[in-house]
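K.L.:
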Amino acid sequence: MFWFVLALISAFCLGFYDVLRKYSLRSNAVLPVLLVSTLTSSVLLLPLCLASSFGVVSPDCWAYIPPISLHQHMLLVAKAAIVLGSWVFVYYGMKHLPLSIVAPIRATAPVWTLIGALIIFTERPNAVQWVGLTVVFVFFFLFSVAGKREGINFKANKWVWCVVAGTLVGAASALFDKHIISNEHINRMSVLFYYSCYQFVMTIPLALVMWNPARLRFKAERKAGSGETDEQIAERVGYEPFRWKWSIPMIGIVIVAADFFYYGALDHPDSMISLISPIRRSNAIVSFTLAALIFHERNMLRKGLCLLGILCGIAIIIFGSL
């Protein structure tokens, strides 16, 4: 069960990853934060790639990054696109929502993975899994009621739907991860390095199209001298300035650590994605606890009970999958 321990370590890292993202996104532009964090991940792994290419790191070392085929590169391009799509949705949602709202929504990812398997593979859940699904959805409904106490209407709030969309795409990514590691046998360090690089490259045009035009409009309006404050101009043109925080590159470092242990778990011959995915989502406990300690968010007891119910439902689903 060594893969189980690796999955737990990955979950612990993901808890801190969520906190770093939330802190970095406060009063900050989303896409530049994403750009810098993905750049950090790539730069962090680049020395290992160069050392592997020049024979400094031997093939039997855990840090070795072997060359991969064109087909495998294309698979990692697809993975980078899937993960980037998930992150864009989640980053925007996380910027505008309390972390104690985001973490429980993200914790439902294994449920969507199971539902995806039902649709794609026409599987039928057993009685225990039905009970687990029912528990999850009941407590998710109660969680939405708790969210209304903070003025967050789950049905009408677009940021909630962003987090839900990011969670759905992330669930698809989990299935794809198992395929590229177990079926395509791509080295986990190669996955880490190349998909980080592809993510960074894909984020550049995204930032140029979605963020840079507003920045240029803001600069032009400010230069024209309309008499408005910078805040008024920024709000009118839809521009969010980028503010450097040291937590931003830490996002890239921590996600590399989380993924390193995650792919190590997937690489184990006895590992099961149906169990690894729920274990990883237990990071919600770390995220939720730190949200209370660091950000002093409200209604934590009520939301905590709902999170506990969701995690219990997921535990029942895991038990039914054994």
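In my numbering, the protein residues as written are -17 to 304.
Even for Gly, the Cβ is constructed at its ideal location relative to N, Cα and C.
Is it buried or exposed for N211, if we count other Cβ within 10 angstroms and need 16 for buried?
P.N.:
Stepping through the sequence shown from its first residue, residue 211 is reached at position 229. The amino acid occupying residue 211 in the given sequence is Thr; Asn does not appear at that position. Per the 10 Å Cβ criterion, exposed.
K.L.:
I think E132 touches R280, with their Cβ atoms under 8 Å apart; what is that distance to the nearest whole Å?
P.N.:
The count along the sequence shown starts at 1 and reaches residue 132 at position 150. The count along the sequence shown starts at 1 and reaches residue 280 at position 298. Confirmed, Cβ separation roughly 6 Å.
K.L.:
Taking the C-alpha atoms as reference points, what is the distance between A60 and A273?
P.N.:
Sequence index remark: in the sequence shown, residue 60 carries index 78 (1-based). Sequence index remark: in the sequence shown, residue 273 carries index 291 (1-based). Between A60 and A273, the C-alpha separation is close to 33 Å.
K.L.:
Exposed or buried, what is W69 when buried is set at 16 or more other beta-carbons lying within 10 Å of its beta-carbon?
P.N.:
In the sequence shown, counting from the first residue as 1, residue 69 sits at position 87. Buried, by the Cβ-count rule.
K.L.:
Alpha carbon to alpha carbon, what distance is there between G207 and G152?
P.N.:
Position 170 of the sequence shown, counted from the first residue, corresponds to residue 152. Position 225 of the sequence shown, counted from the first residue, corresponds to residue 207. Each residue's Cα considered, the two are about 44 Å apart.
K.L.:
I need the straight-line Cα distance from S40 to S34, nearest angstrom please.
P.N.:
Mapped onto the sequence shown, residue 40 falls at position 58. Mapped onto the sequence shown, residue 34 falls at position 52. Answer to the nearest angstrom: the Cα atoms are 7 Å apart.
K.L.:
Under the rule that 16 or more other beta-carbon atoms within 10 Å means buried, what is I258, buried or exposed?
P.N.:
As a position in the sequence shown, residue 258 is number 276, starting the count at 1. By the 10 Å Cβ count, I258 comes out buried.
K.L.:
Measure the beta-carbon distance from M171 to Y(-1) and round it to whole angstroms, keeping in mind my assumption that it falls under 8 Å.
P.N.:
Locating residue 171 in the sequence shown gives position 189, where the first residue counts as 1. Locating residue -1 in the sequence shown gives position 17, where the first residue counts as 1. Rounded, the Cβ-Cβ distance is 19 Å, inconsistent with contact.
K.L.:
Which residue marks the beginning of the alpha helix (DSSP H) containing G220, and which one marks its end?
P.N.:
Mapped onto the sequence shown, residue 220 falls at position 238. That residue, G220, is in no alpha helix (DSSP H); it is neither H nor E in DSSP.
K.L.:
Quick one: any contact between the region 132 to 143 and the region 13 to 29, if contact means 3 or more CB pairs under 8 Å?
P.N.:
In short, these stretches do not touch, since the Cβ pair count stays below three.
K.L.:
Does the region 219 to 226 touch the region 154 to 165, meaning 3 or more C-beta pairs lie closer than 8 Å?
P.N.:
No, because fewer than three Cβ pairs between the region 154 to 165 and the region 219 to 226 fall closer than 8 Å, the two stretches do not touch.
K.L.:
Please list, in chain order, all residues of the same chain as P92 whose beta carbon is under 7 Å from its beta carbon, the five residues on each side excluded.
P.N.:
By one-based count along the sequence shown, residue 92 stands at place 110. S259, P260, R263, I296, I299.
K.L.:
What separation, rounded to the nearest whole angstrom, lies between the Cα atoms of M76 and L174?
P.N.:
Start at 1 with the first residue of the sequence shown, and residue 76 comes out as number 94. Start at 1 with the first residue of the sequence shown, and residue 174 comes out as number 192. Cα to Cα, the separation comes out at about 24 Å.
K.L.:
If I measure Cβ to Cβ from N169 and keep anything under 6 Å in the same chain, skipping five residues before and after, which residues do I get?
P.N.:
Locating residue 169 in the sequence shown gives position 187, where the first residue counts as 1. Within the same chain, N169 has close Cβ partners P48.
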